[in-house]
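Enquirer: Can you keep this structure in mind? I'll have questions shortly.
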Amino acid sequence: MGVRVWWVRRDLRLADNPALLAAARDNASVLPLFVLDPALWRPAGAPRQAYLLRSLRALDGDLGGALHVRRGDPVAVLPAVAALLGADEVHVAADHGPYGAGRDTAVERALAGRGVALVRTGSPYAVAPGRVRTGDGTPYRVYTPFYRAWGAHGWRPPAAGTDRLRWAALDGARALPAEPDLGTVVLPPAGERAATERWLAFAEADLDGYASDRDRPDRDRTSRLSVHLKYGELHPRTLLAELGDRPGHETFRRELAWREFYADVLHHQPGSARTSLQPRLAALEHDTGALAEQRLAAWQAGRTGYPFVDAGMRQLLAEGWVHNRVRMVVASFLVKDLHLPWPLGAHWFLRHLVDGDLASNQHGWQWVAGTGTDAAPYHRVFNPVGQGLRFDPDGDYVRRYVPELRGVPGPAVHEPWALRGGPPAGYPDRIVDHSVERTEALRRYQQLRR
DNA sequence: TTTTGAGTTGTTCGA
DNA sequence: GTCGAACAACTCAAA
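If you're matching positions, the first sequence starts at -4 in this note's numbering and goes up one per residue.
Below you can see the structure in the form of structure tokens.
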């Protein structure tokens, strides 16, 4: 009966956790270890920092206070902890991100020098990135064929639970740092229990109508599970096991598959987190200078004068979360109306989103910018007014996040410049004319044609 | 090797 | 008001 380390990263749960079960096999006692890595902590932004701390506290509660926390570079911390404990195995779920994969290789090497094995079991995905391949053995670059092959590949059923876990203790654990100042941001409840409750509530109330309702930000019937999946408070396999063939179920499974697809793309092309997947589009002409900076600031603050865009940007600042439909609209606005490079927007999102995930975020932005995996028609430009009228037909979503417009009833709220007397006091005029900038965007994209 | 069908989420214009 | 075409070409993936 030995002692093993369970190195917790983005799998903050006890249920359906193959790495934990591997650590605990043969009745070994397990030290649950979280390493606060400054390289990941610093750029995270206050919402994610705070959420992570809350989720760690919840996990620690579920562990009866057994969570061991250290601060530092995992390459130094893991060998030190393993030595203090006398452990010969460290168990993790594999990390396929550009930073995590390199870090794990370095940790593995450092541990091996002391005769300790780094054992990878499972991953944060139903199918580990890199596993789904075309007939040629190459990675997929188009979603739909990936989805078919991913479904055909299949995944394991959820791991059976166990009540035979024994936790090890070790002196020298650091307390978690104090929570950063969140201002007025209100975060969703963190932890495995909250995640499970969210899933059950969603499955009960919204899953059947998901195919049509998910697109309506005014109705707010998306799953809101992104943050829980991000931190591994739930595993997608657990959800997939409960999905059937009804329309809403199929649509939700496809959303989970997008998450897997983008993780796969990032795994094969780590550079896609920073640069356009289509090299030809890297030469797209962007605006620069003082005016461009002013416009970026207006977008960030939710003061573009386009209510649907501003509501989304303010929801981001208020909740660290934005409805998916609105994410596309605000992204399109930055790239195609303001002619600014997508990485600027992607970076702002990562700083403020509580569910900010490198693969999903960067590739979602690339999809909107038309630089991504699909052969996006360059003429796909979202109309911020048309999208608002279509997906927020009564204007309720806009009024929820833009108080200056609360006195404007009905769909007229989407075009405040058309109101008698112009926009209400305190609400800005449009910073650009959409129809003009749409034409300009099309011109710039057209320049890059073969 | 060549061919073929298809590719998340859109918008505008004119009949 | 509704509806279909046009907005271009390109690349992917499998037959």
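The beta-carbon is built from N, C-alpha and C at its ideal position, and this holds for glycine as well.
Kindly confirm or deny that the region 408 to 428 and the region 361 to 374 touch, where touching means at least three C-beta pairs closer than 8 Å.
Expert: No: fewer than three Cβ pairs fall under 8 Å.
Enquirer: Considering SER267, what are the terminal residues of the beta strand (DSSP E) in which it resides?
Expert: Within the first sequence, numbered from 1, the residue matching residue 267 stands at position 272. Looking at the DSSP string, SER267 is not in any beta strand (DSSP E), and its letter there is neither H nor E.
Enquirer: Quick one, which of ALA296, GLN273 and ALA326 has its alpha-carbon nearest ARG136's?
Expert: If you number the first sequence from 1, residue 136 lands on position 141. Of ALA296, GLN273 and ALA326, the residue nearest in Cα terms is GLN273.
Enquirer: Need the endpoints of the alpha helix (DSSP H) that TRP294 sits in, please.
Expert: Numbered from its first residue, the first sequence carries residue 294 at position 299. Unbroken alpha helix (DSSP H) run through TRP294: 285 to 296.
Enquirer: Figure out for me which residue from LEU234, ILE426 and ARG128 has the closest Cα to the Cα of TYR142.
Expert: The count along the first sequence starts at 1 and reaches residue 142 at position 147. Of the candidates LEU234, ILE426 and ARG128, the one whose C-alpha sits nearest the C-alpha of TYR142 is ARG128.
Enquirer: Would you decide whether ARG4 is buried or exposed? Buried here means 16 or more other CB atoms lie within 10 Å of its CB.
Expert: Taking the first sequence and counting its residues from 1, the one referred to as residue 4 is at position 9. Answer is buried; the Cβ neighbour count reaches 16.
Enquirer: Please report how far the alpha carbon of ALA123 lies from the alpha carbon of PRO419, in whole angstroms.
Expert: The sequence position of residue 123 within the first sequence is 128, counting from 1. The sequence position of residue 419 within the first sequence is 424, counting from 1. The alpha-carbon atoms of ALA123 and PRO419 are separated by roughly 51 Å.
Enquirer: Quick one: what does DSSP say SER221 is sitting in, helix, strand or coil?
Expert: Stepping through the first sequence from its first residue, residue 221 is reached at position 226. It is helical.
Enquirer: Let me make sure I understand the geometry here. Which of ASP305, ARG322 and ARG209 has the alpha-carbon closest to that of ARG425?
Expert: Your numbering for residue 425 matches position 430 in the first sequence. Closest by alpha carbon: ASP305.
Enquirer: Considering only their Cβ atoms, is the gap separating LEU79 from PHE29 smaller than 8 Å?
Expert: Within the first sequence, the letter at position 34 stands for residue 29. Within the first sequence, the letter at position 84 stands for residue 79. Result no, Cβ atoms of PHE29 and LEU79 do not sit closer than 8 Å.
Enquirer: Looking at the structure shown, is ARG28 part of a helix, part of a strand, or coil, going by DSSP?
Expert: The sequence position of residue 28 within the first sequence is 33, counting from 1. Note on residue identity: the sequence assigns Leu, not Arg, to residue 28. Strand, per DSSP.
Enquirer: Pull up the distance between the alpha-carbon of GLY146 and that of SER430, whole angstroms please.
Expert: For this step, residue 146 is matched to residue 151 along the first sequence. For this step, residue 430 is matched to residue 435 along the first sequence. Their backbone Cα atoms lie some 41 Å apart in a straight line.
Enquirer: Can you tell me which of the three DSSP states HIS447 falls into?
Expert: A question about residue 447 goes unanswered here, because the residues of the chain that appear run from -4 up to 445.
Enquirer: Measure how close the beta-carbons of TYR257 and ALA354 come, nearest whole angstrom, since I'm counting them as under 8 Å.
Expert: Indexing the first sequence from 1 puts residue 257 at position 262. Indexing the first sequence from 1 puts residue 354 at position 359. So it is a contact: roughly 4 Å between Cβ atoms.
Enquirer: In the DSSP assignment, find the beta strand (DSSP E) that holds VAL(-2) and state where it starts and stops.
Expert: On the first sequence, position 3 is the one that residue -2 refers to. Counting along the chain, the beta strand (DSSP E) containing VAL(-2) begins and ends at -2 to 3.
Enquirer: CA-CA distance, VAL64 and PHE344?
Expert: Walking along the first sequence from the start, residue 64 turns up at place 69. Walking along the first sequence from the start, residue 344 turns up at place 349. Computed Cα separation, rounded: 28 Å.
Enquirer: Give a yes or no on whether the C-beta atoms belonging to HIS358 and HIS281 are separated by under 8 Å.
Expert: On the first sequence, residue 358 is found 363 positions in, with the first residue counted as 1. On the first sequence, residue 281 is found 286 positions in, with the first residue counted as 1. For HIS358 and HIS281, no; Cβs fall outside 8 Å.
Enquirer: Output the distance between the C-alpha atoms of ARG375 and GLY178, rounded to the nearest integer angstrom.
Expert: Taking the first residue of the first sequence as 1, we reach residue 375 at position 380. Taking the first residue of the first sequence as 1, we reach residue 178 at position 183. If you take the alpha carbons of ARG375 and GLY178, they lie about 37 Å apart.
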